[in-house]
Amino acid sequence: MSDEEVQTLNRLPAARTASPQPLPAPAAPQPAWLGPVLLVGIVLAALNLRPAITSLGALFEETREGLGMSGTVAGLITSVPALCFAVFGVTAPRLSRRFGPAAVVCAGMAAVAAGLLIRPFATNAAGFLAASALTLAGIALTNVLLPVIVKRWFPDRVGTMTGLYSMALAAGTSLAAAATVPMTRALGGSWRTGLLIWAFLALAAVVPWLAIAAAARKEKAAAAGVPAARPDAGPGVVRSRTAWALACYFGLQATGAYITMGWLPQIFRDAGVSASTAGILLAVTMVMGVPLAFIIPGLAGRMKNQGPIAVVLGLFGLAGYLGLYFAPAAGAWAWVLMLGVSNCAFPLVITMIGLRAKSPAGVVKLSAFAQSTGYLISIPGPLVVGVLYQHSGGWDLPLALMAGLLVPQIVLGILAGRDRTIEDECGMRD
């Protein structure tokens, strides 16, 4: 999910090469309330980064019927999240330079809330798609800038804070997937009500960010006499091999995650597992990300090279896919646990984004580049799996593809995890 601000991570071990420059001292003391409010704001923002998607997935059939969507339009809507994350994520660095990352995250949360409030009242597919795009634009900006917020205000606890918001993100994802249908039934059974519920969680997230953005504005005003960095300052990200490794690693892990969310229940149902059990198995896969999303970033932040973690996560994924290939129903619980571990490549790559850049401009550029490029890479994956499934009549070929993609993902994780920064690779702009 990212981008912007400062100092080197987690007070990495002294043995680290090319130690980063420290953050500039603030022009004025930080208010005592800012730290706790930032903590609450980060957690609430992360909780809102996926419910818009997974709540719709839980009620997608009812939504399609209610709006009279064609199969083509329905397919378009399932592809929109990754596309919006790529397109709108690219704008985050420019907006962050102009308004500051806190203000942009605040606006992003407001966009999420507005879209979630509007789309249940849409009367046609076009209106629903437009409201969803508004929500996804806000999510895209927040995706990119949360790592920047963490690096800016918690430079000595990047691993821990990244783990905290990754855990909150995983919790929000699984909560919306598991709770949307029961809450919809409890509130009368309308899909519109079921989708509307999540707007209130987004509105709650706006409140702390209003205060954080105001504090950041005051700090900026107090530092008005300090020379500002040039808007184009920072390394040329596209010239960095590490940046490309991160972007491609991000794309392949996102491909695996979207394939899992979209197709795993169908794999189990085709193997004779009941629909309700298949849904529970998917929920278990996502819930695995809650504790591991907190553990992995902290561990990665203490290591000079994160490649070994990428290898372990990839091997878990290979074992899970091989299990689905040979005995999908017999070992179902073991396979979903393994895939749940493998899908924790997301908090790992978010942590590595913070570790692979040491300047404020470098973090924001790397985060936007890696996430936007990565989400573009991930778009075809679920569609290709669907085509292979339809034309082959089974899951052997799709599962072979899914397992095969983990091989380059492991290699890219090794390259992205090397102890270097994009500033060291390609230098700062003059």
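Counted from 1, the sequence shown has number 506 at position 322 by the working numbering; the numbering is strictly sequential.
Glycine included, each C-beta is placed from N, C-alpha and C at the ideal position.
Keep in mind it's a predicted model, so treat the numbers as computed, not measured.
Check residue i in the structure and name its three-state DSSP category.
| i | result |
| --- | --- |
| M253 | coil |
| L596 | helix |
| S543 | coil |
| L371 | coil |
| D608 | helix |
| Q555 | helix |
| P339 | coil |
| R234 | coil |
| A362 | helix |
| A315 | helix |
| N327 | helix |
| T307 | coil |
| R602 | coil |
| V332 | helix |
| A209 | Residue confidence for A209 is low, a pLDDT of 40 falling below 50, so the modelled location carries little weight and cannot support an answer. |
| N194 | Its pLDDT being 38, under 50, N194 is placed unreliably in this model, and the coordinates cannot settle the point. |
| T346 | helix |
| P277 | helix |
| P265 | helix |
| V495 | helix |
Measure the beta-carbon distance from residue i to residue j and round it to whole angstroms, keeping in mind my assumption that it falls under 8 Å.
| i | j | result |
| --- | --- | --- |
| T377 | T368 | 6 Å |
| V328 | G273 | 5 Å |
| W382 | A352 | With 8 Å as the limit, W382 and A352 do not qualify as a contact, their Cβ atoms being about 15 Å apart. |
| G343 | G491 | Wrong, their Cβ atoms sit about 16 Å apart, outside the cutoff. |
| A230 | A362 | With 8 Å as the limit, A230 and A362 do not qualify as a contact, their Cβ atoms being about 17 Å apart. |
| S350 | F530 | 7 Å |
| L572 | L560 | Actually they are not in contact, since the Cβ atoms of L572 and L560 sit about 21 Å apart, beyond 8 Å. |
| L430 | A554 | 4 Å |
| I443 | G565 | 6 Å |
| T623 | W447 | This structure cannot speak to residue 623, because the chain is shown only from 185 to 614. |
| M522 | A503 | 5 Å |
| T346 | I606 | 18 Å between Cβ atoms; not a contact. |
| C528 | L499 | Wrong, their Cβ atoms sit about 13 Å apart, outside the cutoff. |
| M586 | G373 | Contact doesn't hold; Cβ gap of about 36 Å is too wide. |
| M146 | V224 | Outside the shown range of the chain, which is 185 to 614, sits residue 146, and nothing can be said about it. |
| G311 | K404 | Not a contact, Cβ separation roughly 38 Å. |
What first and last residue would you give for the alpha helix (DSSP H) that runs through residue i?
| i | result |
| --- | --- |
| F627 | Coverage of the chain is limited to positions 185 through 614, which leaves residue 627 absent and any answer about it impossible. |
| I226 | 218-231 |
| L243 | Segment: none, L243 is in no alpha helix (DSSP H) and carries neither H nor E. |
| P285 | 285-302 |
| P512 | From DSSP, P512 is part of no alpha helix (DSSP H); its letter is neither H nor E. |
Under a CB-based cut-off of 8 Å, is residue i close to chain B?
| i | result |
| --- | --- |
| G577 | In the structure shown, chain B cannot be found, because there is only a single protein chain. |
*Considering only residues of the region 408-493, which uninterrupted alpha helix (DSSP H) runs meet the minimum length of 4 residues and lie entirely inside it, listed in chain order?*
425-454, 459-471, 473-485
*asked:* At 4 residues or longer, what runs of the alpha helix (DSSP H) sit wholly inside the region 514-543?
replied: The qualifying runs are 516-526, 529-539.
*asked:* Going residue by residue through the region 564-594, where are the continuous alpha helix (DSSP H) segments of at least 4 residues, counting only ones entirely within it?
replied: Every unbroken stretch of the alpha helix (DSSP H) spanning 4 or more residues and falling wholly within the region 564-594 is given here in chain order: 564-576.
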